[in-house]
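Each step along the sequence shown adds one to the number in UniProt numbering, with nothing skipped, and position 71 is 71. Yeah, the Cβ is synthetic: ideal placement off N, Cα and C, and Gly gets one too. These figures come from a predicted structure and were not determined experimentally. To start, the structure under review is shown below, and the notes come after it.
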Amino acid sequence: MSVQVIYVARHGFRSNWLVDPSTGDYSSYLRSPTGIAADPALTSHGVDQAKELAAHLIKVDPPVDKVYSSPYYRCLQTIEPFVKLWYNQGNAANRVILGEAGLSEWYGSAPFEHPTSAPPGKLKQLFPALDTSYVPAVVPSRTGESIAELHDRVATTMDAIIRHCDKSGVRAILLCSHAATIIALGRVLTGNMPETVETEDFRAFTCGLSVYRRRNNNTQAASNDPTGRETTVPSRGTLEHIKASSPQDQWTGRMGKV
Numbered sequence: 001m002s003v004q005v006i007y008v009a010r011h012g013f014r015s016n017w018l019v020d021p022s023t024g025d026y027s028s029y030l031r032s033p034t035g036i037a038a039d040p041a042l043t044s045h046g047v048d049q050a051k052e053l054a055a056h057l058i059k060v061d062p063p064v065d066k067v068y069s070s071p072y073y074r075c076l077q078t079i080e081p082f083v084k085l086w087y088n089q090g091n092a093a094n095r096v097i098l099g100e101a102g103l104s105e106w107y108g109s110a111p112f113e114h115p116t117s118a119p120p121g122k123l124k125q126l127f128p129a130l131d132t133s134y135v136p137a138v139v140p141s142r143t144g145e146s147i148a149e150l151h152d153r154v155a156t157t158m159d160a161i162i163r164h165c166d167k168s169g170v171r172a173i174l175l176c177s178h179a180a181t182i183i184a185l186g187r188v189l190t191g192n193m194p195e196t197v198e199t200e201d202f203r204a205f206t207c208g209l210s211v212y213r214r215r216n217n218n219t220q221a222a223s224n225d226p227t228g229r230e231t232t233v234p235s236r237g238t239l240e241h242i243k244a245s246s247p248q249d250q251w252t253g254r255m256g257k258v
C-alpha cells in the first residue's frame with residue numbers, strides 16, 4: 001500500500017508579533033510558551049478552531065495514519081486536540097507527532113537571521129506526543145528564502161515524506177503548516193506552478209483543511225511535478241468543519257504575510 005491521501009491543515013488563529021526590518025529584532029506583546037517572539041500561541045478563537053478541526057479529522061475516511069507538523073508552537077497546538085483523540089483510537093505507540101522542519105514558517109531572504117522553532121527537548125515538555133527521535137528532511141535557511149527556494153524546500157520535504165510513507169505502507173497522512181508553505185505545497189503536489197507568484201490559487205484558512213488524493217498509479221505523472229507523483233485536489237481549502245471562523249481567516253495564493 002502507498003500514500004493515497006494527504007490532509008493539509010493550517011494552524012489556528014494566532015497572536016501576532018513585530019519585526020524591525022532594519023535590525024531583524026523580533027518582539028511580541030504576549031510572551032510565547034517557548035520564549036520565542038515569532039513563535040506565538042493560538043488565541044482563544046484559534047483554540048476553538050483547533051477543537052473543531054480535531055472533531056472533523058477524527059472522522060475522515062481514510063483515517064489518518066501518520067501526523068507531520070511544523071515544529072512551531074502554533075502548529076503543534078493546533079493538532080494536539082486531534083492527536084489526543086487519535087491516541088485513544090488505536091496503537092498508542094504509533095500515534096505520535098513528527099516535527100518536520102521542512103513544513104516550517106516561510107521568512108523572506110534577509111541580511112539577518114530569522115527566528116527558528118524551539119529545540120525538540122523543549123517542545124517535548126510542552127507536547128508529550130512529539131517524537132524527538134524523528135530527523136527532519138529539510139531545515140530551512142536562517143537567513144530566509146526566495147519564493148523559488150520555498151517551493152524547492154517543500155518539494156524536497158514532500159518527496160522524502162512520501163517515499164518514507166510508501167515504504168511503510170501508510171495510506172493517509174496529516175500535515176500541519178503555515179499559509180505560504182501550504183500554498184507552495186499545493187503547487188508542488190499538483191505540479192500546477194503559476195507563471196507569477198501573485199496568482200491566487202491554493203487557499204490556506206486558519207484551521208482550514210485541504211485534501212489531496214493520489215491519481216491512479218497508471219496515470220503518467222506530470223513532468224512539472226517535483227515529487228514525481230501526480231495528485232488531485234478536490235477543493236482549494238475549506239472551512240465547512242469550523243463554526244468559529246470569520247472572513248479575515250482566509251488566505252489565498254498571494255505571498256506576503258504568513
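- Query: Which same chain residues, not among the five before or five after residue 100, have their C-beta less than 6 Å away from its C-beta?
  - Reply: Hits under 6 Å: 68, 136.
- So, using beta-carbon positions, are residue 18 and residue 28 closer together than 8 Å? Going by C-beta atoms, residue 18 is nearer than 8 Å to residue 28.
- Where the alpha helix (DSSP H) through residue 58 begins and ends: Unbroken run through residue 58: none, as it is neither H nor E.
- Query: What residues are listed by DSSP as bridge partners for residue 67?
  - Reply: Per DSSP, 97, 174.
- For residue 58 and residue 259, the rounded distance between their alpha carbons: The structure shown has nothing for residue 259, since the chain only spans 1 to 258.
- Around the Cβ of residue 218, are there at least 16 other Cβ atoms within 10 angstroms (buried) or fewer (exposed)? In this prediction, residue 218 has a pLDDT of 43, which is less than 50 and means its spatial position is unreliable; nothing more can be read from the coordinates.
- Could you say which of 24, 146, 20, 208 lies nearest to residue 79 if we only look at CA atoms? Per the Cα distances, 208.
- Excluding sequence positions up to five away, which residues of its chain have a Cβ less than 6 Å from the Cβ of residue 220? Unreliable placement is indicated for residue 220, whose pLDDT of 35 sits below 50; no coordinate value is reported for it.
- Query: Under the three-state reduction of DSSP, which class applies to residue 168: helix, strand or coil?
  - Reply: DSSP places residue 168 in helix when its eight states are reduced to three.
- Classify residue 29 as helix, strand or coil using the three-state DSSP reduction. Note: residue 29 maps to coil in three-state DSSP.
- Query: Can you tell me whether DSSP reads residue 210 as helix, strand or coil?
  - Reply: The answer is strand: DSSP assigns residue 210 an E or B state.
- Item | Assigned exposure category for residue 10 - 16 Cβ within 10 Å defines buried | By the neighbour-count definition (other C-beta atoms within 10 Å, threshold 16), residue 10 is a buried residue.
- Message: My parser needs the beta strand (DSSP E) runs of 3 or more residues fully inside the region 86 to 145; what are they?
- Response: Listed in chain order, the beta strand (DSSP E) elements of length 3 or more contained wholly in the region 86 to 145 are 97 to 99.
- Thinking C-alpha only, which one of 127, 182, 174 is nearest residue 287? The displayed coordinates of the chain run from 1 to 258. Any statement about residue 287 would go beyond what the structure contains.
- Item | Boundaries (first-last residue) of the beta strand (DSSP E) holding residue 10 | In the DSSP assignment, residue 10 falls within the unbroken beta strand (DSSP E) covering 5 to 10.
- What residues are listed by DSSP as bridge partners for residue 19? 26, per the DSSP bridge assignment.
- Can the beta-carbon of residue 155 be found less than 8 Å from the beta-carbon of residue 197? Cβ distance not < 8 Å, so residue 155 and residue 197 don't count as in contact.
- Same chain, Cβ closer than 6 Å to residue 104, five either side skipped, listed in chain order: Closer than 6 Å at Cβ, skipping near neighbours: 70, 140.
- Please list, in chain order, all residues of the same chain as residue 234 whose beta carbon is under 8 Å from its beta carbon, the five residues on each side excluded. Bear in mind that the predicted position of residue 234 carries a pLDDT of just 43, short of 50, making it too unreliable to give a figure here.
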